[in-house]
Amino acid sequence: MTGKVTLVGAGPGDPGLLTLRGLEALQSAEVVVYDRLVGEEILNLIPASAQRVDVGKHPGHHPVPQWSINEILLKEAQKGRNVVRLKGGDPYLFGRGAEELELLQKHGVPFEVVSGVTSALAAPAAAGIPVTHRDWASSVHIVTGHARSGKALDLNFSALTAAGGTCVFLMGMAALEGICTGLLAAGMDPDTPAAVVERGTLPGQRKVVSTLARLAAEVRSAGLSNPAVIVVGPVAALSEALDWRSARPLTGQRVIVTRSAGRGEALCRSLRALGAEVLNCPTVSTVSTVDSEKLTKILNLSKQIQWIAFTSAAGVEAVFSALWEAGLDARSLGAVRFAAIGPATARALEAQRLRADFVPALYDSEHLARGLAERLEGGTVLLLRSAIATPTLSRVLTEAGASWLEVPVYDARLPEEPDPALTAWLERGESLVTFSSGSTVRGFVRALEPGADLSRVRGVSIGAQTAAVCAQNGIPTLVAAEATERGLIDLILNQFGERRAEP
Ligand code: SAH
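Numbers given in our numbering equal positions in the sequence shown, counted from 1, plus 45.
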């Protein structure tokens, strides 16, 4: 049976601008054939089970020629597979989308087209430029600034000038000077507002707003490059007033999030929404080591166990998944009470439909230990946590005269070698680094190139113990007032957030 090809527009880069239908198509894809312009975060939405084919084109040299892309699509669909052809922006706007469908159409392969948000409209918008405006522009002309190979740029500058609307040039960076002089020669006012928006909607978006006469020189001296759109017309002057992105408190800040694998997404999302450029860099991965038989045996043998203490969501998930896989559930733990070190751990218990009977007022090992010691009535507390957990919890329990037993339930694995993405990120400049546990700090140090310049990083630690591990490793750090992700975000906002004047 023949498969199907869905031509999907990925939008300008921000994953929030992928359409619902586009996401649906991606999630059910068996093969995804994608371009250079599709953002990293969108590629992360491709299911692990799908095969990825990168046919990225670089200006000047085309690693995969167009005819070959067309054939890949045809062959994959003829194998009966569900193929998604993912392209930047909208697939029909300077995307050769139609050319890719012709061969499929000739062979009777079914296809569907999912429109995307084009960078021609979204990149200006993300820089505060509405392409039309009742007072300033009643038409918009989207023009390619790319000449067919070997040919000179051939644009009808007189018609564009006479039309009087907004001109948006895509693929125009190499020809920027030619575009500006062409419009000037056709009689456009040299003082016409004009702008270039680089990496529109993406982290690290930049813009230059100027006039037609000065744009090219200012863009070259600012060093803007592809991908970028050129906008010419009175609407470009609105860019200052309507630039909501630059007005966000963390715009310009770079932050590395080092939570354990799969747990950093929410923090990354919150920081990005505040305007920060964020690298999600998991520096620990947790591997469950729960032996459910041994665990239930301990609980059955020592009727003395009154409390079970969890110090992370990872611990909670490791224990309950192992019980479930062994055909058991929470009932096999008996009538114990549960303590959670903080709200995130308590939420992990709630996900199992269990309430935390105790969460300390301050979310750290010391307060957890003291609270447990007060609540134990002659029994024992069972600590279910990582094999390399800090000794504070057990030490304070012992000091308080409380009886405890420890069973490690997961291993925190640290990186084996330096992470090239991290190295590249640090080479680009200074960065904040969030740490949510001592092991994320240790993992971060392992992920660094030996001899990496630590003066470029500033730690933001969730609590005093994590900060102590930073200090041991020579990483200067600040400490959150509350040991939660919210606490980390508030600290970053307070220390590094731009306090912009109220309008
Ligand atoms: N089909 C795409 C355009 C493909 S042509 C769309 O609808 O957006 C490639 C050009 O798109 C680039 O040279 C650049 O001019 C523009 N472009 C794509 N993504 C962009 C982005 N995030 N910011 C600015 N320009 C972008």
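Every residue, glycine too, gets a C-beta built ideally from N, C-alpha and C.
Exposed or buried, which one is residue i when buried takes at least 16 other CB atoms within 10 Å?
i, result
"Thr468", "exposed"
"Val162", "buried"
"Leu324", "buried"
"Lys339", "exposed"
"Ala311", "exposed"
"Lys252", "buried"
"Gly360", "buried"
"Ser184", "exposed"
"Gln96", "exposed"
"Glu422", "exposed"
Have a look at residue i and residue j and give me their C-alpha separation to the nearest angstrom.
i, j, result
"Leu399", "Arg376", "11 Å"
"Ala546", "Ala261", "Because Ala546 sits at a pLDDT of 43, beneath the cut-off of 50, its placement in the model cannot be relied upon, and the following sentence gives the value as read from the coordinates. C-alpha separation (whole angstroms): 32 Å."
"Arg531", "Leu287", "29 Å"
"Gly246", "Glu145", "The amino acid occupying residue 246 in the given sequence is Thr; Gly does not appear at that position. Distance between the alpha carbons of Thr246 and Glu145 is about 27 Å."
"Leu499", "Val241", "35 Å"
"Asp409", "Gly387", "8 Å"
"Pro563", "Asp59", "Since the first and last residues shown for the chain are 46 and 548, residue 563 lies out of range."
"Pro548", "Ser291", "Reliability fails at Pro548, whose pLDDT of 39 lies under 50, so the model's placement of it is uncertain and the value that follows must be treated cautiously. If you take the alpha carbons of Pro548 and Ser291, they lie about 14 Å apart."
"Gly268", "Gly249", "13 Å"
"Thr328", "Arg141", "40 Å"
"Lys132", "Leu88", "11 Å"
"Val254", "Gly67", "33 Å"
"Ala239", "Ala282", "8 Å"
"Gly153", "Ala93", "29 Å"
"Gln517", "Ala528", "20 Å"
"Met46", "Glu370", "37 Å"
"Ser337", "Asp374", "10 Å"
"Gly56", "Ala172", "16 Å"
"Thr435", "Gly483", "8 Å"
May I ask which residues mark the beginning and end of the alpha helix (DSSP H) holding residue i?
i, result
"Pro169", "Ser164 to Ala171"
"Ser506", "Element bounds for Ser506: not the alpha helix (DSSP H) but the beta strand (DSSP E), Val502 to Ser506."
"Val364", "Ala358 to Glu370"
"Asn89", "No alpha helix (DSSP H) contains Asn89, which DSSP labels as neither H nor E."
"Leu287", "No alpha helix (DSSP H) holds Leu287; DSSP gives it neither H nor E."
"Glu322", "Where Glu322 is concerned, there is no enclosing alpha helix (DSSP H), although the beta strand (DSSP E) it sits in stretches over Glu322 to Asn325."
"Ser484", "Gly483 to Ala492"
"Ala261", "Leu260 to Ala267"
"Gly307", "Per DSSP, Gly307 belongs to no alpha helix (DSSP H) and is neither H nor E."
"Gly58", "Where Gly58 is concerned, there is no enclosing alpha helix (DSSP H), given that its DSSP letter is neither H nor E."
"Leu71", "Leu65 to Gln72"
Over the uninterrupted beta strand (DSSP E) stretch that includes residue i, give me the two end residues.
i, result
"Lys351", "Just to set this straight, residue 351 is Gln in the shown sequence, not Lys. Residues Ile350 to Phe355."
"Thr189", "Val185 to Thr189"
"Pro30", "It is not possible to answer for residue 30, since the shown part of the chain is limited to 46 through 548."
"Ser337", "That residue, Ser337, is in no beta strand (DSSP E); its alpha helix (DSSP H) goes Ser337 to Leu346."
"Ala273", "Ala273 to Val277"
"Ser431", "Thr425 to Ser431"
"Leu257", "Premise fails: Leu257 is in no beta strand (DSSP E) and is neither H nor E."
For this session: Can you check the stretch 191 to 242 for any beta strand (DSSP E) of at least 3 residues that lies completely inside it and give the ranges in chain order?
Result: Taking only runs of at least 3 residues, the beta strand (DSSP E) segments lying wholly in the stretch 191 to 242 are 211 to 215.
Exercise. Which ranges would you report for the beta strand (DSSP E) in the stretch 91 to 167 if only whole runs of at least 3 residues count?
Worked result: 96 to 99, 127 to 132 and 156 to 159
Exercise. Residue ranges of each beta strand (DSSP E) run of no fewer than 3 residues wholly in the stretch 517 to 546, ordered along the chain?
Worked result: The stretch 517 to 546 is shown to contain whole beta strand (DSSP E) runs of 3 or more residues at 522 to 524, in chain order.
Exercise. Which parts of the stretch 378 to 447 are runs of the beta strand (DSSP E), unbroken and 3 residues or longer, counting only runs that do not cross its ends?
Worked result: 382 to 385 and 425 to 431
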